[in-house]
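Using the working numbering, read the sequence shown as starting at 12 and increasing by one per residue. Using N, Cα and C, we set each Cβ at its ideal position, and we do this for glycine too.
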Amino acid sequence: MRHLSPLSSRSSACTRSSDPSPLHRLEECFLALATAPEPLTLPAHLVCEEPEQAALPVDQFRSRLAHPGTSPVLRKRAWCEAVDRAQRLGEPWDTVAIGLTVPVLHRILARLGRPVHLERAELEQEALVAVTAALHGVEAKSTDCGRELFAAADRAVHRLVHAAHRRAAREVAPEETGPGRFVGATDLADASAKSLEAVGGEGGDAYSALTLAVTAHVINVAEARLIARTRLEGEPMQRLATEHGVNMRELYRHRAAAEQQLAAYLRYQLREG
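Here it is in structure tokens:
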């Protein structure tokens, strides 16, 4: 069984823009399959009652699939075919099947009440991971296999949003053993961005506050650099994930854990100062 990493580039024909979001990067790969000298196609009768041609490039197929006038019967039949090909044949049909979900994923993400500290790219990555897992677990002949992919993405992003809200609302009292042991706490983006500058004081800055936290063994140098580059300097998380050869989802979680430690330490410093 072959699994597609939503962030992997498996085709040299896939155009790479500068630091694309996960959905943008997937879209580039999907469209590359549709615009190649020999475009990848799917049978037109799956999405058209009276097709004028035998096959459609996958981008046109997706447009017909998402069109409000396409009947539920055709949609179900089209999704069954796409999922079946992905499961039987692997790439590039994995990319096609996941690429077909992009319009719906955009709608799912658009209606989310996203906390300000939760980045859109993190939600996109979570949705794609969920769709990829569901793609290889759903019954291909199921009449609602497309809906099952969307439901998996919807559940995943809502879990992430709910966890972010809980993390932002949770306040953990300082422990007796010192600031280096603090856990939990409000997320850095909500509570600690201003605290970074406040702890830096006159003549200092947020980078000085990070240095203090490293010196106090609250976070390590790698974690401080991760926070500085993504939060303070605005570098895309995807760039760092590619640079270090790690999964972007894991990098987001690693940063969140470091930020929880840092937030509690900064509050402690502000109270003591």
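Discussion item. Below 8 Å, how does it come out for the region 124-139 and the region 80-98: are there three or more Cβ pairs, yes or no?
Written reply: In short, these stretches do not touch, since the Cβ pair count stays below three.
Discussion item. Please state whether the Cβ-Cβ distance between Q249 and P33 is less than 9 Å.
Written reply: Yes, they are a contact pair.
Discussion item. At the level of alpha carbons, what is the spacing between G148 and E49?
Written reply: Approximately 30 Å, taken between the alpha carbons.
Fill in: Segment limits, beta strand (DSSP E) that includes P68
Here the beta strand (DSSP E) through P68 covers 66-68.
Fill in: Where P79 falls, given that 16 or more other Cβ within 10 Å makes a residue buried
For P79, the number of other beta carbons within 10 angstroms of its own is below 16, and it is reported as exposed.
Practice prompt. Would you mind sorting G110 into buried or exposed? The rule is 16 or more other CB atoms within 10 Å of its CB.
Written response: Answer is buried; the Cβ neighbour count reaches 16.
Worksheet item: Hey, how far is the Cα of D155 from the Cα of P247?
Response: About 36 Å.
Fill in: Beta carbon of L116 nearer than 9 Å to that of V172
No, these two residues do not count as a Cβ contact at 9 Å.
Practice prompt. Identify whether V194 lies in helix, strand or coil by the three-state DSSP scheme.
Written response: Its pLDDT being 33, under 50, V194 is placed unreliably in this model, and the value from its coordinates should be taken loosely. Under the three-state reduction of DSSP output, V194 falls in the coil class, being neither helix nor strand.
Worksheet entry | For L53, the first and last residue of its enclosing beta strand (DSSP E) | Per DSSP, L53 belongs to the beta strand (DSSP E) from 52-54.
Discussion item. Runs of 3 residues minimum, wholly inside the region 53-136: which ones carry the beta strand (DSSP E) assignment?
Written reply: As far as the region 53-136 is concerned, its whole beta strand (DSSP E) runs of at least 3 residues are 66-68.
Worksheet entry | D70 to L42 span [Cα, whole Å] | Between D70 and L42, the C-alpha separation is close to 7 Å.
Discussion item. Considering only the alpha carbon of each residue, which of K87, L67, A274 lies closest to V225?
Written reply: Distance from the Cα of V225 is smallest, within the candidate group K87, L67, A274, for A274.
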